[in-house]
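Residue numbers (our numbering), protein chains in the order written: chain A, 2 to 110; chain B, 2 to 110. In this text, a Cβ means the ideal position worked out from N, Cα and C, and glycines have one as well.
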DNA sequence: TGCTTATATTGATAGATAGTTGATTAAGAG
DNA sequence: CTCTTAATCAACTATCTATCAATATAAGCA
């Protein structure tokens, strides 16, 4: 972590916040294997179209994804592969967390 | 990112959410160089005591930090160094984001 | 027993935002 | 021009949570 001023804490927090919503993680997961349209993504995630569009724009604004317009459809794709590294790191933490909990259970049981 | 079920998206999102609050990032930053008490951390971050305690407990619950009680004071420390890697990755993204914006400005200007 | 200090907890409030609904823009097809 | 389809925008609601104030717990000391 870089030296943390109040301003940079805000920026970093905002970036984490973009990944702190299950729906947006599902969108990123759906984009793993290539470009998809808003409609595709709405179908795949089971979310409403307006909602899907809004989430995509937030991820776009944060630079995690990019888009390309073709006629009336908009194609979204992953722009920053680091997002998957982030998720892997977090998942590693979750593994450790589960392990800790298992140990606690064993100790108590 | 692991294969994403609805349940795991929730867990991962929750973990990101723990890092999505500026105050908690400041706490983690303050803990970079060793153990500190709740009071120390409240002073250093300028937050109220109750608020500080609550944030610390959330970070504790997520496994990012650990604690040790000594008399009436509680000493907190970082338990999962991955948190700093996460921040670095996110900061990298921020660098790219800034670069993108600079390019846009040049293109427009 | 009180008294003090350090944390934790509880209750209340204000602000943010995910999701829904309905309107609007925009691009083809007939 | 009209109809359809795709996406975005705007307004609203409901939920969540960061923060604060007040209280409670708990340890150490007089």
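- Query: In angstroms, rounded to a whole number, what distance separates the CA positions of residue 56 of chain A and residue 59 of chain B?
  - Reply: By 1-based counting over the first chain, the position of residue 56 of chain A is 55. By 1-based counting over the second chain, the position of residue 59 of chain B is 58. Going by the C-alpha atoms only, they are around 26 Å apart.
- Short check: CB of residue 77 of chain B to CB of residue 32 of chain B, under 8 Å? Here residue 77 of chain B refers to the residue found at position 76 when the second chain is read from its first residue. Here residue 32 of chain B refers to the residue found at position 31 when the second chain is read from its first residue. Result yes, Cβ atoms of residue 77 of chain B and residue 32 of chain B sit closer than 8 Å.
- With distances taken between CB atoms, is the gap from residue 95 of chain B to residue 16 of chain A smaller than 8 Å? In the second chain, the residue the question calls residue 95 of chain B occupies position 94. In the first chain, the residue the question calls residue 16 of chain A occupies position 15. For residue 95 of chain B and residue 16 of chain A, yes; Cβs fall inside 8 Å.
- Determine the direct distance from the alpha carbon of residue 100 of chain B to that of residue 110 of chain B, and round the result to whole angstroms. Your numbering for residue 110 of chain B matches position 109 in the second chain. Your numbering for residue 100 of chain B matches position 99 in the second chain. Since pLDDT at residue 110 of chain B reaches only 48, below the 50 mark, its modelled position is unreliable, and no value is offered.
Count the other C-beta atoms from every protein chain shown that fall within 10 angstroms of the C-beta of residue 46 of chain A, then say buried if there are 16 or more, exposed otherwise. The count along the first chain starts at 1 and reaches residue 46 of chain A at position 45. So residue 46 of chain A ends up on the buried side.
request  = Give the interface partners of residue 81 of chain A over in chain B, defined as CB-CB distance under 8 Å, in chain order.
outcome  = In the first chain, the residue the question calls residue 81 of chain A occupies position 80. Within chain B, the residues near residue 81 of chain A are 94 and 97.
Cβ pair count under 8 Å reaching 3, the region 35 to 42 of chain A against the region 22 to 42 of chain B = no
* Name the residues in the region 6 to 32 of chain A whose C-beta lies less than 9 Å from a C-beta of chain B; which are they? -> 7, 9, 10, 11, 12, 13, 14, 15, 16, 17, 18, 19, 20, 21, 22, 23, 24, 25, 26, 27, 29, 30 and 31
* To do: Go through its chain and collect everything with a Cβ distance to residue 65 of chain B's Cβ below 6 Å, but skip five positions before and after it.
  => On the second chain, position 64 is the one that residue 65 of chain B refers to. Excluding positions up to five away in sequence, the list reads 81 and 84.
>> The alpha helix (DSSP H) that contains residue 67 of chain A, what's its start and end?
In response: For the purposes of this step, residue 67 of chain A is taken as residue 66 along the first chain, with counting starting at 1. Unbroken run through residue 67 of chain A is the beta strand (DSSP E), 66 to 71; no alpha helix (DSSP H).
Excluding sequence positions up to five away, which residues of its chain have a Cβ less than 8 Å from the Cβ of residue 68 of chain A? Reading the first chain from its first residue, position 67 is the one you call residue 68 of chain A. Within the same chain, residue 68 of chain A has close Cβ partners 57, 61, 75, 76, 77 and 78.
> Going along chain B, which residues have a C-beta under 7 Å from residue 86 of chain A?
Replying inline: Taking the first chain and counting its residues from 1, one reaches residue 86 of chain A at position 85. Ordered by position in chain B, the residues that pass the 7 Å Cβ test against residue 86 of chain A are 90.
Inter-residue spacing [alpha-carbon to alpha-carbon] between residue 10 of chain B and residue 35 of chain B
Here the question's residue 10 of chain B lines up with position 9 in the second chain. Here the question's residue 35 of chain B lines up with position 34 in the second chain. Distance between the alpha carbons of residue 10 of chain B and residue 35 of chain B is about 32 Å.
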